[in-house]
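K.L.:
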Amino acid sequence: MQLLHATAEAAPFAKTGGLADVLGALPTAQAAAGHAVLVVHPWYATLRADPAPYWIGDVAVPFDGGEVTVGVGTLDVPAGDGVVRFAFVGHDDFRRDALYGYPDDARRFALFARAIPEVAARLGFVPDVVHVHDWHAALVPALVRHAAHLPTVFGRPATVVTVHNAQYQGHADAADVVRWGRLPGALAADLALRGRGNLLHAGLVTADRATTVSPTYAHELLDPAIGYGLEGTFAALGDRLSGILNGLDDVAFDPAHDPALAAPFDADDLTGKARCTSALESEFGLEAGRPILGVVSRFADQKGIDLLFGALPDLLEQGWNLVVLGAGAPDLEAAAARAFADHPGRVGGRVGYDDGLARRIYAGADALAVPSRFEPCGLAQLIAMRYATVPVARATGGLADTIDDGRTGFLFGPATVVGLVEAADRARRTHADRLAWSALRSAAARERFGWARAVASYDALYLALQAERPSPQGGRP
Ligand code: ADP
Ligand code: GLC
77 MQLLHATAEA
87 APFAKTGGLA
97 DVLGALPTAQ
107 AAAGHAVLVV
117 HPWYATLRAD
127 PAPYWIGDVA
137 VPFDGGEVTV
147 GVGTLDVPAG
157 DGVVRFAFVG
167 HDDFRRDALY
177 GYPDDARRFA
187 LFARAIPEVA
197 ARLGFVPDVV
207 HVHDWHAALV
217 PALVRHAAHL
227 PTVFGRPATV
237 VTVHNAQYQG
247 HADAADVVRW
257 GRLPGALAAD
267 LALRGRGNLL
277 HAGLVTADRA
287 TTVSPTYAHE
297 LLDPAIGYGL
307 EGTFAALGDR
317 LSGILNGLDD
327 VAFDPAHDPA
337 LAAPFDADDL
347 TGKARCTSAL
357 ESEFGLEAGR
367 PILGVVSRFA
377 DQKGIDLLFG
387 ALPDLLEQGW
397 NLVVLGAGAP
407 DLEAAAARAF
417 ADHPGRVGGR
427 VGYDDGLARR
437 IYAGADALAV
447 PSRFEPCGLA
457 QLIAMRYATV
467 PVARATGGLA
477 DTIDDGRTGF
487 LFGPATVVGL
497 VEAADRARRT
507 HADRLAWSAL
517 RSAAARERFG
527 WARAVASYDA
537 LYLALQAERP
547 SPQGGRP
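Note that the working numbering has the sequence shown beginning at 77, numbered continuously upward.
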């Protein structure tokens with residue numbers, strides 16, 4: 077099949093979180109399985125592409141009552157016997173210091189979305205399925221269903237929107253959304269949620285199917301505490317919404333071949349992991365001989381990092397050393413800096429984004445704390461397990477779907493300091509029993525979360541959509 081993915085992030089080109097890990101891996105796995113895959117991605121000033129994209133030319137995009145010119149460059153990334161073609165969409169709006177966080181984000185990504193059919197047409201790529209990720213590209217299904225002037229060669233692909241995080245929705249004025257997309261004005265109310273333009277909602281109500289990244293989160297989205305106002309939208313989808321668990325790129329995250337580590341290791345021989353632990357202790361001047369609880373996280377409310385700092389006195393009392401890496405909310409960054417200053421020898425780490433340090437923590441820590449209030453899937457616990465580090469995590473979303481309590485990690489129910497402290501205490505007691513810990517971390521390291529299962533699930537979904545399509549003789553309007 078011809079698959080077009082649209083995303084705001086894909087590793088290694090641009091990454092702020094797990095979305096990038098997924099879009100760095102899923103298209104590759106699909107291309108290796110025989111699909112023709114095009115990934116359309118913004119051309120940020122900070123794009124990490126080596127070599128630079130191959131310049132294709134300018135493309136005129138109908139947008140916001142006029143026409144906007146975007147530049148297009150491509151890169152082909154090998155994928156088994158195939159390749160994934162990345163198309164980067166360039167415009168001044170993407171030449172900024174950060175990927176997101178600007179007041180005009182909704183407009184910036186509406187332009188990105190509106191450019192996608194034109195870019196595909198320019199590249200001669202006729203998709204059978206357009207698969208968009210999160211709110212940034214969620215306008216595309218609305219365009220496919222309702223825009224009058226898409227390039228004829230683009231055809232009428234099936235559309236899938238995957239929700240990686242329903243908290244981020246892309247808010248705007250309802251009238252702006254239709255004007256940006258050159259959509260009929262009468263659609264403004266349908267695409268809006270409670271009178272407010274909402275790009276994710278617009279995608280969910282116009283796509284042929286919606287998915288999210290774990291089965292448990294697919295249920296939790298119906299709960300107002302987790303649906304963030306979209307619970308009714310999700311409920312209305314019925315069985316057109318499903319959960320397909322993410323995989324982990326086991327080549328990109330492989331402790332046997334990770335140049336960031338002090339020593340290689342694998343599930344069958346963990347001797348190198350002890351060297352990684354010593355190196356981590358030296359890096360942050362930690363007292364040797366204590367178990368290390370690691371944290372690698374965006375500092376956002378979602379992640380429960382406030383619970384972690386609330387639990388700090390108890391965690392230290394239990395005997396853990398902590399290594400924390402993260403950035404985001406200023407109050408949490410300040411709490412981290414305070415913890416480093418107040419507990420030399422026991423708490424170390426860094427405020428910031430640092431891929432190498434993240435890997436050194438996954439490899440050197442004994443356990444990884446993931447106290448998320450909600451977690452659509454979570455890649456951090458999958459990486460930790462691959463690096464024989466035992467997750468201590470809240471039983472929510474993909475954490476509940478990937479961690480087997482007592483066998484590959486420790487889960488806790490309530491999103492409270494006490495909940496975290498109790499789970500960490502269970503982990504600490506198990507750690508004291510060498511044989512039990514060894515069995516646990518080996519079981520975690522042997523879990524396989526490759527992409528094959530998810531590729532098969534998406535294939536089944538795409539095939540079901542193909543089967544619903546009108547025959548060339550007509551049938552469906
Ligand atoms: P989310 O996408 O919600 O942030 P995930 O667990 O799915 O959560 O993915 C997070 C990804 O981002 C993982 O690859 C993790 O290692 C990485 N990451 C998160 N914070 C940092 C950081 N401060 N420095 C380096 N990598 C980070
Ligand atoms: C989002 C979610 C995270 C998930 C990632 C990839 O960032 O917060 O749980 O793993 O997307 O799907």
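The beta-carbon is built from N, C-alpha and C at its ideal position, and this holds for glycine as well.
From a predicted model like this one, the values you see are computed outputs, not experimental measurements.
Would you grab the beta carbon distance between Gly-454 and Gly-474 for me? Rounded to a whole angstrom, and I think it's under 8 Å.
P.N.:
Taking the sequence shown and counting its residues from 1, one reaches residue 454 at position 378. Taking the sequence shown and counting its residues from 1, one reaches residue 474 at position 398. About 5 Å separates the two Cβ atoms, so the contact holds.
K.L.:
Beta-carbon within less than 6 Å of Ala-471's beta-carbon, same chain only, minus the 5 sequence neighbours each way: which residues are those?
P.N.:
Stepping through the sequence shown from its first residue, residue 471 is reached at position 395. So the list reads Leu-487, Gly-489, once near-sequence residues are dropped.
K.L.:
Closer than 7 Å from C-beta to any heavy atom of ligand 2: which residues, in chain order?
P.N.:
My final list is Gly-93, Gly-94, Leu-95, Asp-97, Val-98, His-240, Asn-241, Val-289, Asn-322, Gln-378, Glu-451, Pro-452, Cys-453, Gly-454, Leu-455, Gly-473, Gly-474.
K.L.:
Let me see if you follow: with CB-CB separation under 8 Å, is Leu-114 close to chain C or not?
P.N.:
The structure shown has no chain C; it contains just one protein chain.
K.L.:
My output table needs one value for Ile-320: the three-state DSSP class, helix, strand or coil.
P.N.:
Your numbering for residue 320 matches position 244 in the sequence shown. The answer is coil: DSSP assigns Ile-320 none of H, G, I, E or B.
K.L.:
Using a Cβ-Cβ cutoff of less than 7 Å, which residues in the same chain neighbour Gly-428 once the five nearest sequence positions on both sides are dropped?
P.N.:
Position 352 of the sequence shown, counting from 1, holds the residue named residue 428. So the qualifying residues of the chain are Ala-403.
K.L.:
With distances taken from CA atoms, which of Val-237, Leu-226, Phe-230, Leu-219 is nearest Leu-263?
P.N.:
Counted from its first residue, the sequence shown places residue 263 at position 187. Comparing Cα-Cα distances from Leu-263 to each of Val-237, Leu-226, Phe-230, Leu-219, the minimum goes to Leu-219.
K.L.:
Could you give the first and the last residue of the continuous beta strand (DSSP E) run that contains Arg-57?
P.N.:
An answer regarding residue 57 cannot be provided, because it is not within the stretch 77 to 553 covered by the chain.
K.L.:
I need the DSSP call for Tyr-120, collapsed to helix, strand or coil.
P.N.:
In the sequence shown, counting from the first residue as 1, residue 120 sits at position 44. Tyr-120: coil per DSSP, three-state reduction.
K.L.:
Please state the DSSP three-state secondary structure of Pro-553.
P.N.:
Counted from its first residue, the sequence shown places residue 553 at position 477. For Pro-553, the predicted structure reports a pLDDT of 43, less than 50, and the residue's modelled location is therefore unreliable. A value from the coordinates is still provided. Residue state, collapsed to three classes: coil.
K.L.:
Could you tell me the boundaries of the beta strand (DSSP E) in which Tyr-130 lies?
P.N.:
Locating residue 130 in the sequence shown gives position 54, where the first residue counts as 1. Looking at the DSSP string, the run of the beta strand (DSSP E) that includes Tyr-130 is 130-139.
K.L.:
Since Leu-79 contacts Pro-203 with CB under 8 Å, what's their CB separation in whole angstroms?
P.N.:
Your numbering for residue 79 matches position 3 in the sequence shown. Your numbering for residue 203 matches position 127 in the sequence shown. Right, the Cβ-Cβ distance comes to about 7 Å (below 8 Å), so this counts as a contact.
K.L.:
Counting only runs that start and end within the region 452-527, where is the beta strand (DSSP E) found for 3 or more residues in a row?
P.N.:
Whole beta strand (DSSP E) segments, 3+ residues: 466-470, 486-488.
K.L.:
Using C-beta distances below 8 Å, list every residue in its chain close to Ala-84, excluding the 5 sequence neighbours before and after it, in chain order.
P.N.:
Sequence index remark: in the sequence shown, residue 84 carries index 8 (1-based). Ala-90, Leu-95, His-117, Pro-118, Leu-175, Tyr-176, Phe-185, Phe-188, His-209, Asp-210, His-212, Ala-213.
K.L.:
Compare the Cα-Cα distances from Ala-251 to each of Ala-528, Ala-515, Asp-140, Lys-379 and report the closest residue.
P.N.:
Position 175 of the sequence shown holds residue 251. Of the listed residues, the one whose Cα sits closest to Ala-251 is Asp-140.
K.L.:
For the alpha helix (DSSP H) that contains Glu-357, what are its first and last residues?
P.N.:
What you label residue 357 is simply residue 281 of the sequence shown in a count that begins at 1. It spans 347-360 - the alpha helix (DSSP H) in which Glu-357 sits, taken as one unbroken run.
K.L.:
Looking only at C-alpha atoms, which of Thr-292, Gly-257, Thr-228, Leu-298 sits nearest to Ala-278?
P.N.:
Translated into the one-based positions of the sequence shown, residue 278 becomes position 202. Ala-278 has its Cα closest to that of Gly-257, out of Thr-292, Gly-257, Thr-228, Leu-298.
K.L.:
Flag this pair as yes or no: are the beta carbons of Ala-115 and Arg-198 separated by less than 8 Å?
P.N.:
Residue mapping note: residue 115 aligns to position 39 of the sequence shown, counting from 1. Residue mapping note: residue 198 aligns to position 122 of the sequence shown, counting from 1. The residue you asked about is not Ala; residue 115 is Val in the sequence shown. Cβ distance not < 8 Å, so Val-115 and Arg-198 don't count as in contact.
K.L.:
Could you check whether Leu-398 and Val-423 sit closer than 8 Å to each other, using their CB atoms as the reference points?
P.N.:
As a working mapping, residue 423 is identified with position 347 in the sequence shown. As a working mapping, residue 398 is identified with position 322 in the sequence shown. It is a contact, given that the beta carbons lie within the stated cut-off.
K.L.:
Identify every run of the alpha helix (DSSP H) within the region 80-127, keeping only runs that are complete inside it and at least 4 residues long; order them along the chain.
P.N.:
Segments of the alpha helix (DSSP H) lying fully in the region 80-127: 94-108.
K.L.:
Strictly by DSSP, which residues pair up with Arg-374?
P.N.:
Position 298 of the sequence shown, counted from the first residue, corresponds to residue 374. Paired residue(s): Ala-403.
K.L.:
I need the boundaries of the beta strand (DSSP E) containing Ala-443, first residue and last residue.
P.N.:
Start at 1 with the first residue of the sequence shown, and residue 443 comes out as number 367. That run of the beta strand (DSSP E) goes 443-446.
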